[in-house]
Amino acid sequence: MTRALMIQGTGSNVGKSLLVAGLCRAARRRGLSVAPFKPQNMSNNAAVTADGGEIGRAQALQALACGLEPVSDMNPVLLKPETETGAQVIVQGRYRGSTRARDYASLKPDLMGAVQDSFARLQKAHDLVIVEGAGSPAEVNLRRGDIANMGFARAADVPVVLAGDIDRGGVIAQIVGTQAVLDPGDAAMVAGFLVNRFRGDPRLFDDGYALIEQRTGWRGFGVLPWFADAWRLPAEDAQDIATRPRNTGLHIVVLTFSRIANFDDLDPLAQEEGVRLTMLRAGQAIPGDADLVILPGTKSTRGDLEFLRAQGWDIDLAAHHRRGGQVLGLCGGYQMLGRRISDPQGVEGPPGETPGLGLLQIDTVMMPDKRLSRVEGVHVPTGQPLRGYEIHIGRSDGADRARPFARIAEEAEGALSADGRVAGSYLHGMFADDGFRAAFLGGFGVAASAHRHEDTVERTLDALADHIEAHLDVAGLLSLAR
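In this text, residue positions in the sequence shown follow the working numbering: the first is 82, and each later residue adds one.
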C-alpha cells in the first residue's frame with residue numbers, strides 16, 4: 082500500500098499549504114512519485130483540472146511541485162463560500178449544489194465515501210501521498226463526522242504531524258493546547274510537531290521547543306524560519322498578494338471584494354517592476370492616480386455588487402472613467418460592469434435582479450450549469466495569443482459583445498465598451514501567459530520584465546524545498562509515512 086503522511090495545523094493559515102508543497106518537491110527530488118491530497122478545502126480560489134473539474138488553487142500548486150497535472154482527486158471536497166452561512170459544494174471536481182453551514186454536517190457521511198475513493202486512487206498511482214488538513218483538529222466541536230482532519234486520518238490510518246505558527250504568537254499554547262483538547266485516540270495519531278514561520282535566529286526558541294517536547298511527548302521535526310520568497314508563489318489568501326511599496330509605475334487598483342475569487346490572477350502583475358499594484362480594502366477610496374481599476378472574480382456577484390456600492394466604489398469608478406481611466410472586469414467583475422444581473426433560479430442566493438454599474442452594454446443571467454474549461458485564444462485589441470481558463474456560472478450578452486475582448490476558437494469572448502476604456506472577460510489566469518501580459522502592459526506604455534512566470538514559480542518551489550531541507554528533519558518526516 083502506498084505510504085501517506087498528513088500535515089495538520091494548529092489553526093487556519095499557519096502555512097500548511099506551503100509546507101506540503103515544499104515537502105512534495107523534496108520527495109520528488111528524492112525520486113519518489115508523490116501526490117498531494119486535501120480531503121476538504123474551503124476556498125474561493127480554484128483551479129481547473131486536467132479532468133475538467135475544479136480543486137483548490139493550493140492543491141494545483143502542490144501538484145506542480147510534484148511534477149503532476151492537477152486532477153480532481155487531489156481535493157475531492159471543495160467548499161466555496163457564497164455568504165457568511167452558505168457555500169457551494171464541489172465533489173470530485175463537480176458542482177453538487179449549495180448548502181447552509183448548519184446543514185453541511187448531514188452531508189459528511191456521504192462525502193467521506195468520495196474522499197476515501199479519491200485517496201485510494203491516488204495511493205494506487207503514486208509512491209507517496211502527502212495530505213493537508215483543514216483548519217485545526219483542535220476545533221473539537223466539529224469532530225463528529227469530520228472528513229478534513231482526524232476523522233480522515235483515523236479512517237485512512239495516516240500519521241499526523243502538527244504545524245504551529247510562531248509568527249502569530251503563542252505557539253507553545255497552540256501545540257500543547259491542541260493535544261490537551263484532542264480525544265486520546267486522535268492524539269495517538271500525532272507522530273510529532275514542527276514550528277513554522279520563525280523570524281530571526283531559530284536557536285532563540287530552543288527552550289520553547291524543548292518545553293513542547295516535554296509537555297506533549299511528541300517528537301519535534303524542527304523550526305522553520307520565515308520563507309521570504311513565498312510572495313512569488315500563487316497566493317492562497319487575498320491578503321497574501323504582494324503589494325510592494327512603489328511610488329512609480331502603472332498604478333493598477335484591485336477592488337478586494339468580500340467574496341473575492343481566483344485572485345491569483347493578480348500575482349503575475351504584482352511581480353512586474355513597472356507595475357504598482359494596490360489591493361483596495363473596504364472603506365478605502367479608489368485613488369485618483371489609478372490608471373487601471375480591476376474588478377476581480379467573486380463567488381457572489383450580486384452580493385459583492387452591493388458590497389462595492391456600500392464602499393462608494395461605484396461613485397469612484399464613474400469618476401475614474403470620466404477622467405479617462407480604464408476598467409477591467411474579470412468573471413464576476415465583468416458581470417458587475419453590465420446593466421443588470423438576473424438570478425431567476427436563485428443560483429447564487431435569493432432569486433432576483435440587481436442593477437449593474439452600466440459601464441458595459443451587457444446583461445447577465447445566472448444559470449445552474451457551470452462552465453469549466455482551459456482555453457487558448459487571441460486577445461482582440463492586441464492580436465496576441467493567450468491562454469487561460471473559465472470557471473463560472475452565468476451567461477452575458479448585449480451590444481458591447483460585438484466588440485469582444487478575445488476570440489476562443491473563433492467564438493467571441495467578453496466585451497469592450499465603445500470608447501475602448503472598459504473591458505470584461507470570463508477568462509482567468511491570462512496574466513500568467515508571459516506574451517499576453519507583455520502585450521497588455523504594452524498597451525499602457527509599460528515594458529514587461531523578461532522573467533517567465535512559470536519559471537519563477539518553479540525556481541521558488543525549488544528554493545522552498547531547499548529551505549525546508551535546511552531546517553527540518555525531512556528524512557524523519559518521510560520515514561513516518563505508512
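Even glycine gets a Cβ: it sits at the ideal position worked out from N, Cα and C.
A direct Cα-Cα distance of roughly 20 Å separates Asp450 from Thr435. Going by beta carbons, Val304 and Pro283 fall inside the 7 Å limit. Ala496 and Gly510 do not touch by the CB rule: their CB atoms are close to 19 Å apart, not below 8 Å. One alpha carbon belongs to Ile375, the other to Gly557, and they sit about 46 Å apart. The three-state reading of DSSP puts Pro162 in strand, counting E and B together. When only Cα atoms are considered, Val335 and Thr463 end up about 23 Å apart. Of the residues Cys412, Leu292, Gly364, Leu99, the one whose Cα lies closest to the Cα of Asp395 is Gly364. The beta carbon of Ala182 sits closer than 7 Å to the beta carbons of Thr166, Gly167 from its chain, once the five residues preceding and following it are set aside; these are given in chain order. In the structure shown, the three-state DSSP call for Gly194 is helix. Collapsing the DSSP output to three states places Phe286 in a helix.
At the C-beta level, Asp345 and Arg138 come within 7 Å of one another. In this structure, the CA atom of Ala493 is about 22 Å from the CA atom of Gly437. Of the candidates Ile367, Gly378, His532, the residue whose Cα lies closest to the Cα of Ala400 is Ile367.
If you look at Gly258, you'll find it in the alpha helix (DSSP H) that goes 252-262.
Phe233 and Asn125 have their C-alpha atoms spaced approximately 23 Å apart. In this structure, the straight-line span from the alpha carbon of Cys147 to that of Pro432 is close to 43 Å. Going by DSSP, Gly414 is part of the alpha helix (DSSP H) stretching over 413-417.
His401 sits in a helix when the DSSP states are folded into three classes.
Scanning its chain for C-beta atoms nearer than 7 Å, with the 5 sequence neighbours on each side dropped, one finds around Arg518 the residues Pro349, Phe512, Ala529, in chain order.
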